[in-house]
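> Please find one structure pasted underneath; my questions will follow.
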Amino acid sequence: MWQHSLLVTILAVSLAACTPLEALRTAEERRPVYPPATFSHRVGTAQVVLYWNCVRPDPGVLRLDGVAHNPHFSEIRFLEFDLVGVDADGREISQANGASSDFILRTNQFSPFRLDVRTVGREVRFDLFYRYRSQQNLRSSLAVPTAASPGLLAQAEIQFMARDVCSETQHRIPKPAR
35 MWQHSLLVTI
45 LAVSLAACTP
55 LEALRTAEER
65 RPVYPPATFS
75 HRVGTAQVVL
85 YWNCVRPDPG
95 VLRLDGVAHN
105 PHFSEIRFLE
115 FDLVGVDADG
125 REISQANGAS
135 SDFILRTNQF
145 SPFRLDVRTV
155 GREVRFDLFY
165 RYRSQQNLRS
175 SLAVPTAASP
185 GLLAQAEIQF
195 MARDVCSETQ
205 HRIPKPAR
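Residue numbering for the sequence shown is 35 to 212, as defined by the working numbering.
Here you go:
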């Protein structure tokens, strides 16, 4: 009799071990972690992808709230941002700068950032400049062996610009069809 109970217990434990934990979670616990579910804008390069929302928490303030994602195998270092308000003549009239909260973004890591710019009221668009250092880009462009110049690997700064980052039509993440 005890052998039968032991066999049933072993069988039950074995089946429970084979059941994926995801199936045991409720729908509430399975909220998507991936940022497009919560952000409305996106721009990306070969090394980093940025997701953000533009909000106005106070009159005269534009906030760009987002995360940077490194979906690749190379490390991203010193990710910094400049958010620039531009008037109808193309002149920069307001600016804010900041950096991602993590010094290094490793593979598949997300790092939040926030930029608050005090607006002057004449801005027609906001442009985002972002820059970072990546070993991958320098390795591919070096003509000398990397062992000959290891100090150069950390020096490859790359800069990009995303124009009109709070636009209702540009850099938008498509909403899933229902």
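No residue lacks a Cβ here, since even glycine has one placed at the ideal position from N, Cα and C.
So who's on the other strand from isoleucine 110, going by DSSP bridges?
Isoleucine 110 pairs with Leu139, Ser168.
> Could you name the residues of the same chain whose beta carbon sits closer than 6 angstroms to that of histidine 85, not counting the 5 residues immediately before and after it, in chain order?
Looking at the sequence shown, residue 85 is not histidine but tyrosine. Cβ within range, chain order: Pro69, Phe73, Arg76, Gly100, Val101.
> For isoleucine 192 and tyrosine 166, which I take to be in contact (beta-carbon distance under 8 angstroms), what is that distance rounded to the nearest angstrom?
That belief holds up - the Cβ atoms of isoleucine 192 and tyrosine 166 are roughly 6 angstroms apart, short of 8 angstroms.
> In the DSSP output, which residue or residues are listed as bridge partners for isoleucine 192?
Partner(s): Tyr166.
> Have a look at cysteine 200 and phenylalanine 112 and give me their C-alpha separation to the nearest angstrom.
Answer to the nearest angstrom: the Cα atoms are 24 angstroms apart.
> Specify the secondary structure class of alanine 122 as computed by DSSP and reduced to three states.
Correct three-state label for alanine 122: coil.
> Which residues share a DSSP beta bridge with serine 145?
According to DSSP, serine 145 bridges with Ala102.
> Just curious, the beta strand (DSSP E) that histidine 75 is in, first and last residue?
75–78 is the extent of the beta strand (DSSP E) around histidine 75.
> Quick check: the Cα distance between aspartate 136 and serine 145, rounded to an integer number of angstroms?
Going from the Cα of aspartate 136 to the Cα of serine 145 covers about 6 angstroms.
> Answer with buried or exposed for phenylalanine 107, where buried requires no fewer than 16 other C-beta atoms within 10 angstroms of its C-beta.
When all chains shown are included, phenylalanine 107 counts as exposed.
> Candidates Gln169, Arg140, Gly119: which alpha carbon is nearest phenylalanine 163's?
Out of Gln169, Arg140, Gly119, Gly119 has the C-alpha closest to the C-alpha of phenylalanine 163.
> State buried or exposed for glutamine 81, treating a residue as buried only when at least 16 other CB atoms are found within 10 Å of its CB.
Buried, since its Cβ has 16 or more Cβ neighbours within 10 Å.
> Going by the DSSP bridge assignment, what does glycine 132 pair with across the sheet?
Paired residue(s): Phe115.
> Going by C-alpha distance, which of Val151, Thr79, Glu157, Leu117 is nearest asparagine 104?
Per the Cα distances, Thr79.
> Using only the alpha-carbon positions, how far apart do phenylalanine 194 and lysine 209 sit?
Between phenylalanine 194 and lysine 209, the C-alpha separation is close to 26 angstroms.
> Under a three-way DSSP split, which group does valine 178 fall into?
Here the model assigns valine 178 a pLDDT of 45, short of 50, so the residue's position is not dependable, and the following value carries that caveat. DSSP places valine 178 in coil when its eight states are reduced to three.
> Rounded C-beta distance between aspartate 121 and arginine 148? I'm assuming under 8 angstroms.
That belief does not hold up - the Cβ atoms of aspartate 121 and arginine 148 are roughly 24 angstroms apart, past 8 angstroms.
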